[in-house]
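What follows is one structure encoded as structure tokens, with my remarks underneath.
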Amino acid sequence: MYCYLYDEFIQGNKRYERELLDIENRLTDLGIAGKISRLALFRNAEEMIRDEIDRGVKTVVVLGNDDTIRKVLDVISESKIVLGLIPIGPKNELARLLGIPNGVEACDVLSARRIEQIDVGTINGRKFITGVRVPDFRAELMCNDGKYRVVPTSRADLEIQNLADVCNPCDGMLSANIHSSVRKGWGPFARHEQTNSVLPFQFLAIRSDKPISLYADGEEMQGTRFDIGIEAMILKVITGKSRVFI
Amino acid sequence: MFRAKPEQSMTQQSSNETIIAQGVKVEGDFHSQGDVVIDGEVSGSIETTQALIIGESARIKADVIAKNAVVAGEVKGNIRASDRLELLATSVVEGDVETANLSIASGARVNGKITMGEVEKAE
Numbered sequence: 001m002y003c004y005l006y007d008e009f010i011q012g013n014k015r016y017e018r019e020l021l022d023i024e025n026r027l028t029d030l031g032i033a034g035k036i037s038r039l040a041l042f043r044n045a046e047e048m049i050r051d052e053i054d055r056g057v058k059t060v061v062v063l064g065n066d067d068t069i070r071k072v073l074d075v076i077s078e079s080k081i082v083l084g085l086i087p088i089g090p091k092n093e094l095a096r097l098l099g100i101p102n103g104v105e106a107c108d109v110l111s112a113r114r115i116e117q118i119d120v121g122t123i124n125g126r127k128f129i130t131g132v133r134v135p136d137f138r139a140e141l142m143c144n145d146g147k148y149r150v151v152p153t154s155r156a157d158l159e160i161q162n163l164a165d166v167c168n169p170c171d172g173m174l175s176a177n178i179h180s181s182v183r184k185g186w187g188p189f190a191r192h193e194q195t196n197s198v199l200p201f202q203f204l205a206i207r208s209d210k211p212i213s214l215y216a217d218g219e220e221m222q223g224t225r226f227d228i229g230i231e232a233m234i235l236k237v238i239t240g241k242s243r244v245f246i
Numbered sequence: 247m248f249r250a251k252p253e254q255s256m257t258q259q260s261s262n263e264t265i266i267a268q269g270v271k272v273e274g275d276f277h278s279q280g281d282v283v284i285d286g287e288v289s290g291s292i293e294t295t296q297a298l299i300i301g302e303s304a305r306i307k308a309d310v311i312a313k314n315a316v317v318a319g320e321v322k323g324n325i326r327a328s329d330r331l332e333l334l335a336t337s338v339v340e341g342d343v344e345t346a347n348l349s350i351a352s353g354a355r356v357n358g359k360i361t362m363g364e365v366e367k368a369e
């Protein structure tokens with residue numbers, strides 16, 4: 001049994017009216033039409049999904065973008081139901097990584113039901129799928145229960161990846177990539193060179209004296225302490241043939 | 247009918263390979279179950295059950311334990327490689343070396359005791 005969750009920004013928006021109609025027709029043709037739930041300003045997405053699960057829903061299909069998925073990720077991964085996507089509009093990086101085309105073409109991918117179980121990362125108890133980005137990283141990473149720490153010695157950006165073009169989301173590991181800019185040579189001949197450090201890990205902590213900003217699946221978080229971990233293979237998601245992982 | 251399958255990304259990195267590049271410093275007891283490449287700075291200890299490559303720009307102040315090791319940079323500490331140790335021409339080792347097979351290139355500097363024979367493996 002399918003439940004389709006429409007994000008607020010696509011409802012009543014003339015730009016997506018025609019596309020939504022085509023999607024609904026295609027879903028009916030494929031025989032996978034289901035109940036439609038609509039997100040709204042004062043409606044809690046998690047409560048809506050819990051109600052649908054109680055009514056026997058086994059697959060929740062999100063119509064929207066990466067922001068919509070963030071709203072429902074915690075409840076879907078905890079309840080072990082299947083997540084499907086119909087990407088609409090811009091900001092659909094996750095759908096691209098999962099090999100799901102935009103708009104009406106996604107209905108055929110849904111119908112094929114190629115389900116993969118993937119890892120989900122956690123940061124201070126909040127879940128993320130793709131990764132965490134820390135621009136201008138000036139803090140330290142505490143790894144392996146504090147047995148060793150990693151600090152950048154030059155200007156660096158930190159990227160923690162779960163699902164990315166070069167990162168497998170089914171291996172039970174996250175990958176911390178530190179992109180540093182290293183000065184080489186001297187005087188007027190000096191130049192900056194990019195280097196990339198890679199640390200695979202399951203648990204890691206970011207510690208900073210001053211508050212830092214980071215972006216988990218594109219959403220900003222601020223603080224001085226972040227505990228990052230992984231929950232292996234807890235999210236069941238419908239993927240397309242052109243997904244970036246094997 | 248015979249259309250080629252869409253190309254799958256084969257560039258996904260081996261999940262256990264660790265790279266410590268220039269611009270990064272590691273302090274403490276670093277343990278790994280996979281291959282390790284070091285071009286940055288490490289102080290403390292390094293232990294891996296697989297291969298270890300210490301690049302030319304690496305500065306290590308640590309005891310090193312690995313299955314196989316290739317050293318091109320500077321190591322201040324003891325090195326124990328259970329299978330094979332290769333010291334390249336640019337390498338500088340200040341510490342004792344213990345390995346089953348040893349290769350030292352012309353130009354490499356070793357200040358320490360070299361012991362060869364059966365070596366206990368890293369855990």
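Chains as they are written, first to last, in my numbering: chain A, 1 to 246; chain B, 247 to 369. Quick reminder that beta carbons are idealized off the backbone N, C-alpha and C, glycines included.
When DSSP states are grouped into helix, strand and coil, Gly290/B belongs to the strand group. Beyond the five residues adjoining it in sequence on each side, Ala190/A comes within less than 6 Å, by CB distance, of Arg183 in the same chain, given in chain order.
Taking a Cβ-Cβ threshold of 8 Å, the residues of chain A close to Thr264/B are Val198, Leu199 and Pro200, in chain order. About 18 Å separates the CB atoms of Ile238/A and Arg70/A; that is not less than 8 Å, and the two are not in contact. Gly323/B is outside the set of residues whose beta carbon lies under 7 Å from a beta carbon in chain A. Residue pairing from DSSP places Arg149/A in a beta bridge opposite Met142/A and Glu273/B.
Residue environment analysis places Gln194/A among the exposed positions, since fewer than 16 neighbouring C-beta atoms fall within 10 angstroms of its C-beta.
Residues of chain B whose Cβ lies closer than 8 Å to the Cβ of Ile178/A are, in chain order, Ala267, Gly269 and Val270. In the DSSP annotation of this structure, Thr59/A is not part of any alpha helix (DSSP H); the continuous beta strand (DSSP E) holding it starts and ends at Thr59 to Gly64. Neighbours of Glu273/B in chain A, taken as residues at a C-beta separation under 7 Å, are given in chain order as Tyr148 and Arg149.
Remark: C-beta atoms of Leu174/A and Phe201/A approach each other more closely than 7 Å.
Beta-bridge pairing by DSSP links Asp309/B to Ser291/B. DSSP places Leu20/A in the uninterrupted alpha helix (DSSP H) bounded by Lys14 to Leu30. Per DSSP, reduced to three states, the secondary structure at Leu39/A is coil, with no helix or strand assignment. Taking a Cβ-Cβ threshold of 7 Å, the residues of chain B close to Pro152/A are Gly269 and Val270, in chain order. In terms of CA proximity to Asn168/A, Phe245/A leads the group Phe245/A, Glu220/A, Ile129/A and Tyr215/A. The Cβ of Val182/A sits closer than 7 Å to at least one Cβ of chain B. Excluding sequence positions up to five before and after Val151/A, its CB lies within less than 6 Å of the CB of Glu140, all in the same chain and listed in chain order.
Per DSSP, Leu85/A is one residue of the beta strand (DSSP E) stretching across Val82 to Pro87. Check the Cα spacing between Gln296/B and each of Lys313/B, Glu332/B and Glu287/B: the tightest is with Lys313/B.
Rounded to whole angstroms, the Cβ separation of Asp67/A and Lys91/A is 7 Å, and the two are in contact under 8 Å.
By DSSP's assignment, Phe226/A forms a beta bridge with Ile206/A.
In the structure shown, Ser154/A adopts coil according to DSSP, grouped into three states. Boundaries of the alpha helix (DSSP H) around Arg50/A: Ala45 to Asp54. If you draw a 10 Å sphere on the C-beta of Ser328/B, you find 16 or more other C-beta atoms in it, and that means buried. Your pair Leu85/A and Ile10/A does not check out as a contact, with CB atoms roughly 13 Å apart and the cut at 8 Å. Contact annotation for Gly290/B against chain A: Tyr148 [CB-CB distance below 8 Å, chain order].
Residue pairing from DSSP places Val198/A in a beta bridge opposite Asn177/A and Ile265/B.
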